[in-house]
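Structure record follows, encoded as structure tokens.
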Amino acid sequence: MRLSLRFILPLLLALGLVAYGVMPLVDRLMLRWFEHDVGVRAAVVANTMQEPLVGLVRTKSRRKVLAYFNNITQGERLFAIGYCNPTLGALIATKSYPEEIQCKEAERLADGPVKLLSRDQGPLHVSVRTLMDGDKRIGQVVLVHDMSFVQRRSEETRRYVFYFFVALGAVVSLITVIIAQLSWRGWVQGIRALLRGEGLVRPAGRISAPELQPITRDLRSLMKELGSDFRPRDESQLTWSPQSLRGILRSDLHGEDILVVSNREPYIHIRRADHIDVQRPASGLVTALEPIMRACSGTWIAHGSGSGDKESVDRHDRVKVPPRNPSYSIRRIWLSQEEEAGYYNGFANEGLWPLCHIAHVRPTFRAADWEQYVAVNRKFARAVMEEAGSKEPIVLVQDYHLALLPRMVREELPKATIISFWHIPWPNPEAFAICPWRAELLEGMLGSSIMGFHTQFHCNNFVDTVDRLLEARVDRETFTIYLGGKPTAVKRYPISIEWPSGPEAAPSSVAACRREVRERLGLPAGHALGVGVDRLDYTKGILERFMAVERLLELQPEWVGRFTFVQVAAPSRSGIGQYQEFEKQVLALADSINLRFSGEEYPPIILKIEHHEPEQVYEHYRAADLCFVSSLHDGMNLVAKEFIAMRDDEQGVLILSQFTGASRELPEALIVNPYDIDQCALALHVALTMPSGEQRDRMRSMRALVSEFNVYRWAGRMLLDGAAMRKRKRLAGSGRAAQRVAH
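For what it's worth, the working numbering labels the leading residue of the sequence shown as 311, then goes sequentially.
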């Protein structure tokens, strides 16, 4: 006991000194964090007030301005508001406005550093913003925030830190006493020897105490299970990277390879005159999944659509990729022209695509297309059986082309873990009921162990659709659907991009990209540049985007000849009549706008309908002043996240449609309704005139989110959920076996 006290007393003293030193550091950190948060809030409030306040100032009514201020300061923490403007006379301010901040002081602090004023009740945070009416400065808005809550929270934090160190000292002391007593009696050495099996086996290898062998085996098994169950799986404790994904495969999924199944392949071999080129297709699906396959190995089963694809595979229709550093295989499926026309162009893209996208294009369903869709799904299912290395493979099924595949695989491999992900929106039950084969599609999808969507809204729509159209049991508390007694979990997995990006993503500095892209386009060095990157698809809002550029030049003629919008449009589904007609409309509108402003040296729109390699797209992101994503309806839209990832200079503005899944994750973007052309034109003007500091604040926040919620986290969450489901099934099977033995 004396030995224990000799150790405990210095330990408690050390913990007390540490706690004493930690308290001031905690106070400083909290004050710094809250100062930053209040500064961001002040910027948001100022931006929100901008338009209404300009209108009130134009009326030259001090009473209306003051009434507006009094209404705003009803909210929590906004202590006072003031406004300095020679037009309206002296300072206009609410009653609680601090006397220290008069108009001269406000002018000195405008758009500069914040100021903290001391008060008995707590400090006040003063932020001054310049009010603009077009290009004219018409005054300064002073926002005063009450920061007394910081003092209250600091006191609470100090109290919790003190209690934490007291508890820590008590626990460490107790453990020390227990260990000392156990060591004194030799128990620790005895338990360790038992767990290692020491003393149980004679030198000749025979068991000296066979009755203890089952106990030892059970103890080892129990410790292994506990280690697996209590290993940190909280997402906040994991750094999501290729290494963490490989670790999940080794520990939770026992190193099994992954089978990815999709219509689109990640690499296409194109036959040229005397050689074969390798291309990466313009696809959000490929952008997201390709880094996962590089990290996890496995096989990607896809339709071989390239003119040189057959020449590039071995006798098993496989090819190793990426070309320079192979890490996984593509297994190619060959389709006839009739199969491709019916399954891909017909049912998938003339039927399901417009059905799921609210883009006002009527879906077309034909019985012949449905027959081809069923046949091609069976062809993909046979390939999964051939590539599966066990009876319990992990199969990731991608998108609307293969809705029937999960059920087909489940019938042949009942123990498979099938995780399906729907990359496009899921409509409401009334819209989906248009499809003549709605029940067959839903039953096919419910062959999945897990059914994933981008947003909770799409999950809700899917569950509602199943509840309305099938005889299935829906558990809305756990979002699990039981069809024929088999469960399918419906989960939200917001897809993302690779982070950090590979070295090919940023071959040149931002300054070099700005210079090179403008030179290539024939634009001067200081020319303002916007960029849009899309497949040439009617759901992407390209026509609405061009109309917004035209409206900008009408409302803000100072941008004529000074701003150009570059639209990178990858050709898509050119065999479908709707897409052919859409391409004509896009070309005609671009020509019309350029002709209207043809008196200027530089065109307002540059349209590039051609394939671009990822490196070329990334170069445009880095060169642009803004990126405009105007999708009319989209599952997520990874262009928005790619643009953010490319802006390591923390500059540039993202204009984002409210109808994308990404808008729910990136509120710092300028969120617009793409159907509201005037609003989009205003957003373009705001983006082009946004101060560098505001661009940095917005971009820094968005980059932090994309880096944390990267594509490895997206895949890791699905794999962890799949591993947990496999484990529950095995435990349930063991329980049933035990019951049979008992009976």
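Note that CB positions come from ideal geometry on N, CA and C, so glycine has one too. Computed from a predicted model, the values in this text were never measured in an experiment.
Compute the distance between the beta-carbons of Tyr710 and Gly762, then report whether it is under 8 Å. Taking 8 Å as the cut-off, the beta carbon of Tyr710 is found no closer than this to the beta carbon of Gly762.
Ordered along the chain, which non-local residues of its own chain (more than five positions away) have a Cβ less than 8 Å from that of Glu952? Setting aside the 5 residues that flank it on each side, Glu952 is surrounded in the same chain by Thr597, Ile807, Val843, Val927, Tyr928, Tyr931, each with a C-beta closer than 8 Å to its C-beta; the list follows chain order.
Complete runs of the beta strand (DSSP E) confined to the region 905-972 [at least 3 residues]: With a minimum length of 3 residues, the continuous beta strand (DSSP E) runs that stay inside the region 905-972 are 915-919, 936-939, 963-967.
Alpha carbon to alpha carbon, what distance is there between Thr440 and Glu409? Glu409 and Thr440 have their C-alpha atoms spaced approximately 20 Å apart.
For a quick check, are the C-beta atoms of Ala972 and Leu980 less than 8 Å apart? The answer is no: Cβ separation not under 8 Å.
Hey, is the region 751-758 in contact with the region 700-718, meaning 3+ C-beta pairs nearer than 8 Å? Touching, yes.
Other residues of its chain near Arg720: CB distance less than 6 Å, five sequence neighbours each side excluded: Taking C-beta separations shorter than 6 Å and ignoring five residues to either side along the sequence, the partners of Arg720 in its chain run Gly757, following chain order.
Can you tell me the Cα-Cα spacing of Val436 and Gln961, whole angstroms? Looking at the two C-alpha atoms, the distance is approximately 26 Å.
Verify the CB distance criterion: does Tyr803 have a CB-CB separation below 8 Å to chain B? This model lacks chain B altogether; it includes just one protein chain.
Taking the alpha-carbon of Ser607 as reference, which of Pro591, Ser593, Pro632, Val623 has the nearest alpha-carbon? Comparing Cα positions, the closest option is Pro632.
Out of Lys446, Leu712, Leu595, Glu361, state which residue places its alpha-carbon closest to the alpha-carbon of Ala658. The residue with the shortest Cα to Cα distance from Ala658 is Leu712.
On the criterion of 16 or more Cβ atoms from any shown chain inside 10 Å, does Asp944 qualify as buried, or is it exposed? Under this definition Asp944 is a buried residue.
What did DSSP end up calling Ser437 once you bin it into helix, strand or coil? The answer is strand: DSSP assigns Ser437 an E or B state.
In the structure shown, what three-state DSSP assignment does Gly444 receive? Note: Gly444 maps to coil in three-state DSSP.
Starting from Ala749, trace the alpha helix (DSSP H) both ways and give me its first and last residue. Start and end: 748-755.
How would you write the range of the alpha helix (DSSP H) that Cys394 sits in, first residue to last? Annotation for Cys394: no alpha helix (DSSP H) segment contains it, though the beta strand (DSSP E) segment containing it runs 388-394.
Looking at the strands, I want to know which residues DSSP matches up with Leu793. Residue pairing from DSSP places Leu793 in a beta bridge opposite Lys796.
Got a sec, what are the start and stop residues for the alpha helix (DSSP H) Val686 sits in? From DSSP, the alpha helix (DSSP H) with Val686 extends over 677-697.
Ala377 beta carbon less than 8 Å from that of Thr383: It is not a contact, given that the beta carbons lie outside the stated cut-off.
Does the Cβ-Cβ distance between Ala1025 and Asp562 come in under 8 Å? No, the pair does not count as a contact, with Cβ atoms beyond the cut-off.
Check whether the Cβ of Lys630 lies closer than 7 Å to any heavy atom of the ligand PLP, and answer yes or no. No copy of the ligand PLP occurs in the structure displayed, which carries no ligand at all.
Tyr638 and Asn573 closer than 8 Å at C-beta: Not closer than 8 Å, so no.
Would you check if the region 830-850 and the region 872-884 touch, i.e. whether three or more CB-CB distances between them fall below 8 Å? Contact annotation: the region 872-884 touches the region 830-850, with at least three C-beta pairs closer than 8 Å.
When we look at the beta-carbon of Arg1040 and count the other beta-carbons within 10 Å, is it buried (16 or more) or exposed? Classification for Arg1040: exposed.
If you compare alpha carbons, which of Arg368, Phe1019, Ile954, Pro423 is closest to Arg1010? Out of Arg368, Phe1019, Ile954, Pro423, Ile954 has the C-alpha closest to the C-alpha of Arg1010.
Excluding the five sequence neighbours on either side, which residues of its own chain have a C-beta within less than 7 Å of the C-beta of Gly1003, listed in chain order? The answer is none, since no qualifying residue turns up.
Can you have a look at Asp539 and say buried or exposed, based on whether 16 or more other CB atoms are within 10 angstroms of its CB? Below a pLDDT of 50, predicted positions are generally treated as unreliable, and Asp539, at 45, falls in that range; the measurement from the model is reported next regardless. The residue is exposed, with fewer than 16 neighbouring Cβ atoms inside 10 Å.
Just list the beta strand (DSSP E) runs in the region 619-679, keeping only unbroken ones of 3 residues or longer that don't cross its boundaries, in chain order. As far as the region 619-679 is concerned, its whole beta strand (DSSP E) runs of at least 3 residues are 628-631, 638-643.
Apply the 10 Å Cβ neighbour rule to Arg1036 and answer buried if 16 or more other Cβ atoms are within range, or exposed otherwise. Buried.
Quick one: Cα of Leu599 to Cα of Gln989, how far? One C-alpha to the other measures close to 35 Å.
With a 10 Å radius around its C-beta and 16 neighbouring C-beta atoms as the bar for buried, classify Trp343 as buried or exposed. Answer is exposed; the Cβ neighbour count stays below 16.
Is Ile734 helix, strand or coil by DSSP? When DSSP states are grouped into helix, strand and coil, Ile734 belongs to the coil group.
Can you give me the start and stop residues for the beta strand (DSSP E) that Lys425 sits inside? For Lys425, the enclosing beta strand (DSSP E) has its first and last residue at 425-427.
Could you give the C-beta distance for Ala838 and Leu964, rounded to a whole number, given that I count them as a contact under 8 Å? Ala838 to Leu964, Cβ: 16 Å. No contact.
Within 8 Å, strictly: CB atoms of Leu917 and Leu897: A contact, by the Cβ cut-off of 8 Å.
Alpha carbons only, please: which of Glu415, Lys414, His455, Gly449 is nearest the one belonging to Ser428? Distances from the alpha-carbon of Ser428 to those of Glu415, Lys414, His455, Gly449 put His455 closest.
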